[in-house]
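Visitor:
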Amino acid sequence: MTIFKNTNYLIIFLALCMGSINAQSGHEKTTVLDSIMIDAHWRTFEYHVPQYPVNNSRLVLVLHGDGMTTKSIQTKTGFEFNKLADNTGATIVVYPQGYKNYWNDCRREASFETKNKDINDVAFIKSIIQRMERRYHIDRKNVFVTGYFNGGNMCYKLAKTIPDVFKGFAAIGANLPITSNDDCVPINKAVSIMVINNVSDTINPYKGGELTSLDGFTRGKVLPTNETLDYWLTLLEQNDEATLSSLSSTIAKANSTFFRDDYWSKEKNKRVSLLKIVKGGYPFPNPHVNQWSQIAANMNKHINIPETVMRFFYQVQYSNPDHFNK
Numbered sequence: 014m015t016i017f018k019n020t021n022y023l024i025i026f027l028a029l030c031m032g033s034i035n036a037q038s039g040h041e042k043t044t045v046l047d048s049i050m051i052d053a054h055w056r057t058f059e060y061h062v063p064q065y066p067v068n069n070s071r072l073v074l075v076l077h078g079d080g081m082t083t084k085s086i087q088t089k090t091g092f093e094f095n096k097l098a099d100n101t102g103a104t105i106v107v108y109p110q111g112y113k114n115y116w117n118d119c120r121r122e123a124s125f126e127t128k129n130k131d132i133n134d135v136a137f138i139k140s141i142i143q144r145m146e147r148r149y150h151i152d153r154k155n156v157f158v159t160g161y162f163n164g165g166n167m168c169y170k171l172a173k174t175i176p177d178v179f180k181g182f183a184a185i186g187a188n189l190p191i192t193s194n195d196d197c198v199p200i201n202k203a204v205s206i207m208v209i210n211n212v213s214d215t216i217n218p219y220k221g222g223e224l225t226s227l228d229g230f231t232r233g234k235v236l237p238t239n240e241t242l243d244y245w246l247t248l249l250e251q252n253d254e255a256t257l258s259s260l261s262s263t264i265a266k267a268n269s270t271f272f273r274d275d276y277w278s279k280e281k282n283k284r285v286s287l288l289k290i291v292k293g294g295y296p297f298p299n300p301h302v303n304q305w306s307q308i309a310a311n312m313n314k315h316i317n318i319p320e321t322v323m324r325f326f327y328q329v330q331y332s333n334p335d336h337f338n339k
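Residues in the sequence shown are numbered consecutively from 14, following my numbering.
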């Protein structure tokens with residue numbers, strides 16, 4: 014197997030870039046509320062269909078963080094995913110709601126009620142996809158999911174347990190739990206995944222260790238970011254001989270620095286990416302969000318994380334190793 018590693022992620026995806034610059038207002042009013050019964054619980058979600066949709070659209074699910082809602086994740090990301098979907102016309106965005114604002118991810122020691130009640134979030138996500146396929150004839154081969162903090166850990170659970178349902182994943186502010194804190198049963202299949210972590214994050218420690226959120230409750234211990242990356246790279250490399258070639262690049266924006274490493278497997282047609290943020294703030298950094306909590310006072314608005322995630326999904330959908338050389 015040959016794996017190419019490259020850090021050049023400024024791929025020109027004109028539709029996305031134009032959407033970021035010329036986005037129209039009012040995206041907060043363009044979502045549809047829906048619900049599904051899962052194991053005697055009504056589960057809700059919102060979704061955004063672009064004004065001019067196309068047939069066989071890709072589906073992107075955005076999972077909120079700890080204690081958040083479908084409304085707050087849209088506000089905190091500046092409605093950026095909706096704007097990008099409108100501009101391309103080829104993406105439907107779904108915002109599922111966690112049970113009592115939390116997800117039942119792989120962290121055994123998480124104190125969420127969704128964990129204590131063993132809420133079946135995997136079935137919920139799969140049911141949403143099935144409904145969107147029936148209703149909008151989405152392209153089931155191009156379903157993606159991204160998530161923030163608790164939502165990022167839910168992305169890991171989906172990547173571990175039902176990898177074939179998705180084309181790609183992106184986890185923001187999340188590291189994998191250590192073995193004793195992991196209650197997922199993985200399938201151990203290679204996936205395309207992007208990991209986005211902040212070096213100065215004290216909630217999700219970049220170097221691993223005990224994870225204690227703002228509510229004061231522990232989530233147990235997690236792996237360092239480099240070991241989280243290695244987990245996915247090992248799956249990418251398994252059963253093959255790997256030849257690595259690499260380039261490095263650094264992007265400095267205002268008071269922040271961003272490093273990106275990309276790995277691509279031609280044989281498996283998968284890619285793994287790490288975006289390392291130095292002094293970028295806790296939320297999804299992007300130029301169109303106006304407010305976050307006090308912990309995000311140093312948020313960098315010179316890089317657009319939703320756009321970066323969507324570009325990664327674009328790369329995965331239209332797999333082309335030459336993208337790494339542009």
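Ideal Cβ positions, reconstructed from N, Cα and C, are used throughout, including at glycine.
1) What residue range is occupied by the uninterrupted alpha helix (DSSP H) comprising Ala98?
2) Quick test of your reading: Leu242 and Val212, contact by CB under 8 Å. State the CB separation rounded to the nearest angstrom.
3) Inspect the beta-carbon positions of Tyr169 and Gly78 and report whether they are closer than 7 Å.
4) Going along the chain, which unbroken runs of the alpha helix (DSSP H) with 4 or more residues stay wholly within the region 61-97?
5) Can you check which of these residues, Asn163, Asp47, Asp99, Gln87, is closest to Val67 by C-alpha distance?
6) For Ile107 and Lys89, what's the separation of their Cα atoms in angstroms?
7) If you drop the 5 nearest sequence neighbours on each side, which residues of the same chain put their C-beta closer than 6 Å to that of Arg121?
8) Got a sec? Which residues, its chain only, sit under 6 Å from Ala136 by beta carbon, not counting five neighbours each side?
9) I'd like the span of the alpha helix (DSSP H) that includes Pro109, first residue to last.
10) What's the C-alpha gap between Phe272 and Gln251?
11) On the DSSP letters alone, give me the boundaries of the beta strand (DSSP E) that Ala172 sits inside.
12) Do the region 144-157 and the region 109-128 meet, that is, are 3 or more Cβ pairs less than 8 Å apart?
13) On a Cα-Cα basis, can you pick out the residue from Ser226, Thr44, Trp55, Asn201 that is closest to Ile175?
14) Grab me the residues of Pro237's own chain with a C-beta within less than 6 Å of its C-beta, minus the 5 sequence neighbours each way, in chain order.
Guide: The answer reads as follows:
1) 93-101
2) Contact flag wrong, Cβ pair sits at about 14 Å.
3) no
4) At a cut-off of 4 residues, the continuous stretches assigned as alpha helix (DSSP H) that sit fully inside the region 61-97 are 83-89.
5) Asp99
6) One detail in the question is off: residue 107 reads as Val in this sequence, not Ile. In a straight line, the C-alpha of Val107 is about 15 Å away from that of Lys89.
7) Same-chain partners within the cutoff: Asn194, Asp196.
8) Excluding positions up to five away in sequence, the list reads Ile51.
9) Looking at the DSSP string, Pro109 is not in any alpha helix (DSSP H); the run it does join, the beta strand (DSSP E), is 104-109.
10) 26 Å
11) Not the beta strand (DSSP E): Ala172 falls in the alpha helix (DSSP H), residues 163-174.
12) Because the criterion of three Cβ pairs below 8 Å is not met, the region 144-157 and the region 109-128 do not touch.
13) Closest by alpha carbon: Asn201.
14) Lys220, Gly221
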